[in-house]
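Reading through the structure tokens given below for one structure.
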Amino acid sequence: MFKTYSRVNRIAGNVIVVSAPGAAYGELAHVSTDAGFSLANVIRIDGDQAYLQVFRGSSGISTEARVRFLGRELTVSCSENVIGRVFDGTGRPRDGGPALEEALVPVGGPPVNPVKRVIPSRMIRTGIPMIDMFNSLVESQKISVFTVAGEPSNELIARVALQAEVDAIILGGMGLRYQDYLFFRNAVEAQGALDRTVLFVHTAADPVVEALAVPDVALAVAERFALGGKRVLVLLSDMMNFCDALKEIAIIMEQIPSNRGYPGDLYSQLASRYEKAVDFEGAGSITILSVTTMPGNDLTHPVPDNTGYITEGQYYLYKGRIEPFGSLSRLKQFVNRKTREDHRPLMDAMVQLYAYYQDTLEKKAMGFRLSDWDRKLLRYGRFFEQKLMDLSVDLPLEGALDTGWDILSECFLPEETGLRSSLIQAHWRGDAREAITA
Amino acid sequence: MKTRGAVVGVNGNVITVRFEGPIMQNEVAHVLLERGRLKAEVVRVQGDRADLQVFEDTKGLRQSDPVEFTGELLSVQLGPGLLGQVYDGLQNPLKAISDVHGFFLPRGTAFPALDPERKWEFTPMLNAGDRVRAGSPVGFVSEGVFRHSIFVPFDFSGRGRVLKTSPSGLYTLNQPVCTVENGEGHSQEVALGFRWPIKRPVTCYREKLPVRTPLLTRIRLIDTLFPVARGGTFAIPGPFGAGKTVLQQITSRNALIDIVIIAACGERAGEVVETIREFPKLKDPFTGRFLMERTIIICNTSSMPVAAREASVYTAVTLGEYYRQMGLHVLLLADSTSRWAQAMRERSSRMEEIPGEEAFPAYLESVIAAFYERAGEVRLAQGGTGSLTIGGSVSPAGGSFDEPVTQATLKVVGAFHGLSRDRSEARKYPAIDPLESWTRYPGFIDLSFREAVLRVLRHGHEIEQMMKVVGEEGTPLEDYVIFLKAELLDRVYLQQNAFDAVDAATSEERQRHVFCLLHMILGSVFVFADKDEARQCFDRLRLLFLDYNGAEWQSLEFQEMETRIVERVLEAVQPSDSDMAESFREILRDHDVESSFHRSRFALTGTSVAASGPREEMHVQDLQQGQPDRG
Ligand SMILES: Nc1ncnc2c1ncn2[C@@H]1O[C@H](COP(=O)(O)OP(=O)(O)OP(=O)(O)O)[C@@H](O)[C@H]1O
Ligand SMILES: [Mg+2]
Numbered sequence: 010m011f012k013t014y015s016r017v018n019r020i021a022g023n024v025i026v027v028s029a030p031g032a033a034y035g036e037l038a039h040v041s042t043d044a045g046f047s048l049a050n051v052i053r054i055d056g057d058q059a060y061l062q063v064f065r066g067s068s069g070i071s072t073e074a075r076v077r078f079l080g081r082e083l084t085v086s087c088s089e090n091v092i093g094r095v096f097d098g099t100g101r102p103r104d105g106g107p108a109l110e111e112a113l114v115p116v117g118g119p120p121v122n123p124v125k126r127v128i129p130s131r132m133i134r135t136g137i138p139m140i141d142m143f144n145s146l147v148e149s150q151k152i153s154v155f156t157v158a159g160e161p162s163n164e165l166i167a168r169v170a171l172q173a174e175v176d177a178i179i180l181g182g183m184g185l186r187y188q189d190y191l192f193f194r195n196a197v198e199a200q201g202a203l204d205r206t207v208l209f210v211h212t213a214a215d216p217v218v219e220a221l222a223v224p225d226v227a228l229a230v231a232e233r234f235a236l237g238g239k240r241v242l243v244l245l246s247d248m249m250n251f252c253d254a255l256k257e258i259a260i261i262m263e264q265i266p267s268n269r270g271y272p273g274d275l276y277s278q279l280a281s282r283y284e285k286a287v288d289f290e291g292a293g294s295i296t297i298l299s300v301t302t303m304p305g306n307d308l309t310h311p312v313p314d315n316t317g318y319i320t321e322g323q324y325y326l327y328k329g330r331i332e333p334f335g336s337l338s339r340l341k342q343f344v345n346r347k348t349r350e351d352h353r354p355l356m357d358a359m360v361q362l363y364a365y366y367q368d369t370l371e372k373k374a375m376g377f378r379l380s381d382w383d384r385k386l387l388r389y390g391r392f393f394e395q396k397l398m399d400l401s402v403d404l405p406l407e408g409a410l411d412t413g414w415d416i417l418s419e420c421f422l423p424e425e426t427g428l429r430s431s432l433i434q435a436h437w438r439g440d441a442r443e444a445i446t447a
Numbered sequence: 306m307k308t309r310g311a312v313v314g315v316n317g318n319v320i321t322v323r324f325e326g327p328i329m330q331n332e333v334a335h336v337l338l339e340r341g342r343l344k345a346e347v348v349r350v351q352g353d354r355a356d357l358q359v360f361e362d363t364k365g366l367r368q369s370d371p372v373e374f375t376g377e378l379l380s381v382q383l384g385p386g387l388l389g390q391v392y393d394g395l396q397n398p399l400k401a402i403s404d405v406h407g408f409f410l411p412r413g414t415a416f417p418a419l420d421p422e423r424k425w426e427f428t429p430m431l432n433a434g435d436r437v438r439a440g441s442p443v444g445f446v447s448e449g450v451f452r453h454s455i456f457v458p459f460d461f462s463g464r465g466r467v468l469k470t471s472p473s474g475l476y477t478l479n480q481p482v483c484t485v486e487n488g489e490g491h492s493q494e495v496a497l498g499f500r501w502p503i504k505r506p507v508t509c510y511r512e513k514l515p516v517r518t519p520l521l522t523r524i525r526l527i528d529t530l531f532p533v534a535r536g537g538t539f540a541i542p543g544p545f546g547a548g549k550t551v552l553q554q555i556t557s558r559n560a561l562i563d564i565v566i567i568a569a570c571g572e573r574a575g576e577v578v579e580t581i582r583e584f585p586k587l588k589d590p591f592t593g594r595f596l597m598e599r600t601i602i603i604c605n606t607s608s609m610p611v612a613a614r615e616a617s618v619y620t621a622v623t624l625g626e627y628y629r630q631m632g633l634h635v636l637l638l639a640d641s642t643s644r645w646a647q648a649m650r651e652r653s654s655r656m657e658e659i660p661g662e663e664a665f666p667a668y669l670e671s672v673i674a675a676f677y678e679r680a681g682e683v684r685l686a687q688g689g690t691g692s693l694t695i696g697g698s699v700s701p702a703g704g705s706f707d708e709p710v711t712q713a714t715l716k717v718v719g720a721f722h723g724l725s726r727d728r729s730e731a732r733k734y735p736a737i738d739p740l741e742s743w744t745r746y747p748g749f750i751d752l753s754f755r756e757a758v759l760r761v762l763r764h765g766h767e768i769e770q771m772m773k774v775v776g777e778e779g780t781p782l783e784d785y786v787i788f789l790k791a792e793l794l795d796r797v798y799l800q801q802n803a804f805d806a807v808d809a810a811t812s813e814e815r816q817r818h819v820f821c822l823l824h825m826i827l828g829s830v831f832v833f834a835d836k837d838e839a840r841q842c843f844d845r846l847r848l849l850f851l852d853y854n855g856a857e858w859q860s861l862e863f864q865e866m867e868t869r870i871v872e873r874v875l876e877a878v879q880p881s882d883s884d885m886a887e888s889f890r891e892i893l894r895d896h897d898v899e900s901s902f903h904r905s906r907f908a909l910t911g912t913s914v915a916a917s918g919p920r921e922e923m924h925v926q927d928l929q930q931g932q933p934d935r936g
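What follows is the structure, given as structure tokens:
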């Protein structure tokens with residue numbers, strides 16, 4: 010029943026054009042190459058010409074290549090057997106295990122009906138004060154780590170995933186360095202988390218186009234799991250590589266770029282993936298934590314820019330720390346009023362003081378005279394960075410809040426903090442001095 | 306016979322169809338699949354081929370798939386029952402879909418927008434022989450607190466008369482309640498509901514009026530400095546995370562208006578959920594009814610079909626015009642118009658049109674202008690007026706306002722509330738930049754006072770910039786005090802805590818009152834020994850004001866805080882400044898800020914506040930918009 014054609018009219022970049030009347034938009038095909046087969050899918054139909062993007066790249070495809078249409082779209086197995094396994098970007102095993110043919114589900118399914126969504130309400134604890142205390146991660150949130158090359162972003166998301174109380178972790182790796190892939194695999198094994206993890210890995214050595222399928226495949230599995238009641242955390246790293254693959258295809262297809270070569274539908278492409286984050290009423294949830302490496306630390310680059318417009322906040326990882334400025338969890342207000350009564354006011358006061366500290370740093374750099382107040386701030390800033398911002402700090406939320414009070418009590422007079430007197434009475438440290446300098 | 310055709314090309318959500326027979330630009334067609342029909346709209350015709358944008362995922366379409374044209378433009382259902390609904394961009398009721406299909410929105414589903422079974426109590430207003438035209442009310446039903454007019458359909462041509470009316474009683478949506486006849490003797494039945502093409506403005510009013518009545522949002526920064534007006538238009542551009550959505554959410558709750566239509570266009574589904582879940586529980590402070598009863602949500606979020614984004618803003622504006630026609634005041638909030646513009650760009654690129662700037666189509670500007678033109682306050686043929694106000698957020702690429710969508714929007718709107726990343730990073734909410742924003746509309750605060758206050762802000766900002774270079778020690782005390790004044794104004798008046806029960810919404814009365822007080826403080830001459838003393842004084846004033854803002858209007862606490870503020874000011878103002886001191890003392894005595902304000906010399910000149918400030922071009926532009934009032 011599968012139709013096979015063998016007339017390739019055009020090969021350009023990783024897109025081939027085949028005379029194939031009857032091909033369906035989005036349909037999957039097998040294309041023969043000198044090195045076996047590659048998957049491809051139809052991205053445009055023009056009369057009886059079908060344009061296919063070839064996942065393994067067009068290198069080695071002949072004008073007489075056999076193109077066999079499969080009569081279906083890209084699917085992925087969503088059975089429990091995927092757990093503990095490693096697959097490539099299109100869902101084929103890359104761990105030497107058997108291919109899975111059961112519970113196949115098409116990727117890129119329909120959107121969730123907005124009226125079926127619920128207001129997020131559960132915090133995901135990570136043990137990282139800059140997240141838990143200052144920008145809480147919330148179940149069903151979509152949030153990205155904005156960072157620059159060379160930062161420990163994969164370490165960060167792996168740590169979050171392994172410390173988070175979730176039922177399943179699904180990694181979608183795009184353009185990962187092989188070392189990063191090994192790092193993820195080892196981290197998962199070392200923590201004994203293999204029994205709740207699935208890895209879809211596309212490495213920098215794999216054909217670029219294959220990165221395009223990764224988020225869809227990972228999210229399709231996540232969606233099935235969530236419908237089955239699991240709380241799923243999806244890690245996507247690095248979305249920059251995904252977007253660059255989109256750009257490549259768009260240019261081959263001669264689409265007019267909108268901004269720095271990226272296609273005009275970049276926003277819609279990213280949104281249709283990130284919006285898969287959801288809390289199903291009466292079932293499980295999907296939380297998405299991604300990495301976006303910004304070229305040149307440029308927030309206005311189309312990829313971080315469009316991402317920022319889609320996600321519910323971002324963690325700005327810079328110089329090994331999550332910066333309080335530039336980071337934002339837009340859902341934190343749904344959870345941080347239920348944690349501890351001092352959480353919100355303490356967070357606000359500490360961030361405010363940290364902003365003053367930064368002003369003082371500027372003043373200092375300009376060589377202006379520093380007041381007593383400035384010197385207090387300098388001390389505060391140092392403590393804040395050491396005891397809360399440093400990524401090596403691993404504290405439960407309550408511990409982080411207590412540390413916050415320790416720092417304030419050590420550095421300031423109560424009235425200098427701008428905190429309500431009832432809170433001061435409940436939490437101010439009489440003998441904080443030793444506690445903190447120890 | 307319906308025109309038919311067949312698919313010959315698929316490129317994302319744009320398909321090419323070969324057809325035989327007549328078709329119309331913007332006509333609706335359906336691609337007929339084994340399972341379901343995909344709705345599409347004709348966007349270009351060339352010979353025997355037409356390009357159609359499909360409002361659904363096009364996966365699985367292939368050459369030769371049959372297409373059926375409907376001969377109808379893309380339309381919405383009008384009639385009672387729209388209020389409280391949550392629709393997608395094509396007016397499918399999302400709740401009804403979820404009842405049948407559960408969690409997901411499968412493609413090819415279409416549901417009636419209004420319940421055809423529901424019965425409404427109709428009261429006729431006309432008798433046989435009465436003269437009518439398009440948009441004449443023939444009677445009404447009650448929809449919640451509103452008197453919902455039943456109209457002669459808007460496409461009724463010319464003048465006509467009533468042939469017969471049905472008695473009052475219960476009727477369903479499509480049951481005729483009246484028969485009318487036009488000048489050529491065509492008779493037509495009028496039912497409770499009818500359809501209207503969304504891209505065609507409703508113009509069955511007598512005239513468009515000049516825009517001049519302020520629309521109270523109860524957001525101080527807007528109402529006092531950059532007011533919007535009934536029937537006007539305003540834009541809220543801002544980088545991501547700057548607070549556009551929150552600002553619209555607050556406005557949708559607190560604005561003094563009859564009906565709010567929220568068009569969630571290509572943004573996050575989660576944000577709409579807040580509204581959907583909370584509005585049925587929140588009460589409108591003015592009517593005491595639940596907010597949802599005066600709200601319609603059109604929700605085509607970012608993962609829903611892209612082509613329907615465009616439809617969603619037109620659906621929203623059409624529903625707005627419909628309620629305006631009943632003499633109601635409607636506010637349409639669209640978040641974000643950039644997503645709609647991007648949808649046009651995606652389509653244009655697939656149709657291989659010659660692109661303009663940043664690959665947006667060349668017609669971007671005229672389309673945006675035509676959309677905002679549908680706002681306005683109108684005088685209705687049956688007497689009275691109605692208005693439709695449109696506020697759109699804009700999400701500029703890279704956060705820079707120097708991009709096509711922002712620029713095209715700024716050309717046509719009457720007010721500009723520009724959000725700045727600096728302000729939102731510093732958590733100064735609402736993050737509207739007072740030095741960048743402008744309005745063409747009059748507010749309830751006199752223009753000269755608005756300008757005076759803006760000058761203080763601008764001057765304070767300049768001093769602040771200067772201080773960064775020369776340091777605090779290099780800044781003269783007088784300048785430092787101006788800087789502190791500007792800071793105070795910003796912190797306690799322009800910034801507003803959206804999460805505080807009282808501060809979240811400030812009534813017009815209260816805004817006038819507090820504004821007068823602040824205006825007097827800004828105009829007072831303070832004497833300080835040094836900068837430390839100055840800073841301390843203003844720090845204390847700030848704290849007092851924050852409690853004052855949190856106190857219920859005219860409560861004991863409110864008056865107490867006001868007294869303490871005035872006392873604190875009196876301690877610091879120049880004793881020789883006796884007029885001023887007397888005005889403040891009057892406040893202490895009578896708690897009547899406004900009258901003291903008007904008696905004080907500042908009110909008389911209205912300029913002394915800025916005596917030391919540089920004169921700059923006015924940012925508040927003159928209001929002379931709208932057509933001349935013929936009425
Ligand atoms: N008035 C406000 N008061 C307090 N917090 C606010 C206010 N406005 C915005 N915020 C904070 O900023 C966050 C982002 O605001 P919002 O979602 O309105 O941004 P936006 O401009 O719509 O961004 P995007 O373009 O990405 O949709 C909110 O989640 C909230 O934490
Ligand atoms: Mg928004």
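Listed in order, the protein sequences are those of chains A and B.
With the numbering used here applied, the first sequence corresponds to residues 10 to 447, in that order.
With the numbering used here applied, the second sequence corresponds to residues 306 to 936, in that order.
Glycine included, C-beta positions come from ideal geometry on N, C-alpha and C.
What you are looking at is a predicted structure, and each value in this text was computed from that prediction instead of being measured.
Buried or exposed: where does residue i fall if 16 or more other Cβ atoms within 10 Å of its Cβ makes it buried?
{"i": "Q929 (chain B)", "result": "Low confidence applies here, because Q929 (chain B) scores a pLDDT of 31, under 50, leaving its location unreliable and the question unanswered by this model."}
{"i": "Y619 (chain B)", "result": "buried"}
{"i": "I659 (chain B)", "result": "exposed"}
{"i": "E678 (chain B)", "result": "exposed"}
{"i": "N802 (chain B)", "result": "exposed"}
{"i": "S617 (chain B)", "result": "buried"}
Anything in chain B within Cβ reach of residue i, meaning under 8 Å, just list it in chain order.
{"i": "K12 (chain A)", "result": "Within 8 Å Cβ-Cβ: nothing; K12 (chain A) doesn't reach chain B, min ~11 Å."}
{"i": "L337 (chain A)", "result": "G546"}
{"i": "T369 (chain A)", "result": "Within 8 Å Cβ-Cβ: nothing; T369 (chain A) doesn't reach chain B, min ~12 Å."}
For residue i, decide whether its Cβ has a neighbour in chain A, counting only Cβ atoms nearer than 8 Å.
{"i": "Q770 (chain B)", "result": "no"}
{"i": "N316 (chain B)", "result": "yes"}
Counting only Cβ pairs nearer than 7 Å, list the residues of chain A close to residue i.
{"i": "I673 (chain B)", "result": "Result: empty, since nearest Cβ-Cβ is about 17 Å, beyond 7 Å."}
List the residues of chain A that residue i touches, going by C-beta distances under 9 Å, in chain order.
{"i": "F833 (chain B)", "result": "By Cβ distance, chain A contributes nothing, its closest Cβ being about 17 Å from F833 (chain B), past 9 Å."}
{"i": "S462 (chain B)", "result": "In chain order: nothing, as chain A lies at least about 39 Å away."}
Closest Cβ-Cβ distance between residue i and chain B: below 8 Å?
{"i": "A374 (chain A)", "result": "no"}
{"i": "D274 (chain A)", "result": "yes"}
{"i": "T309 (chain A)", "result": "yes"}
Check the Cβ of residue i against every Cβ in chain A and list those closer than 8 Å, keeping chain order.
{"i": "E730 (chain B)", "result": "F334, G335"}
Checklist entry - Is there contact between the segment 324-339 of chain B and the segment 395-410 of chain A, where contact requires at least three CB pairs shorter than 8 Å? => result no
Item to check | Positions along the segment 607-626 of chain B whose CB lies within less than 8 Å of some CB in chain A | outcome: S607, S608, M609, V611
Item to check | Residues from the segment 576-608 of chain B in contact with chain A, defined by Cβ distance under 7 Å | outcome: V577, V578, E579, I581, R582, C604, T606, S607, S608
Checklist entry - Is there contact here, the segment 428-440 of chain A with the segment 347-364 of chain A, by at least three beta-carbon pairs under 8 Å? => result yes
Checklist entry - Which of the residues in the segment 390-403 of chain B, read from start to end, lie with their CB under 7 Å from any CB of chain A? => result V391, L399, K400, I402, S403
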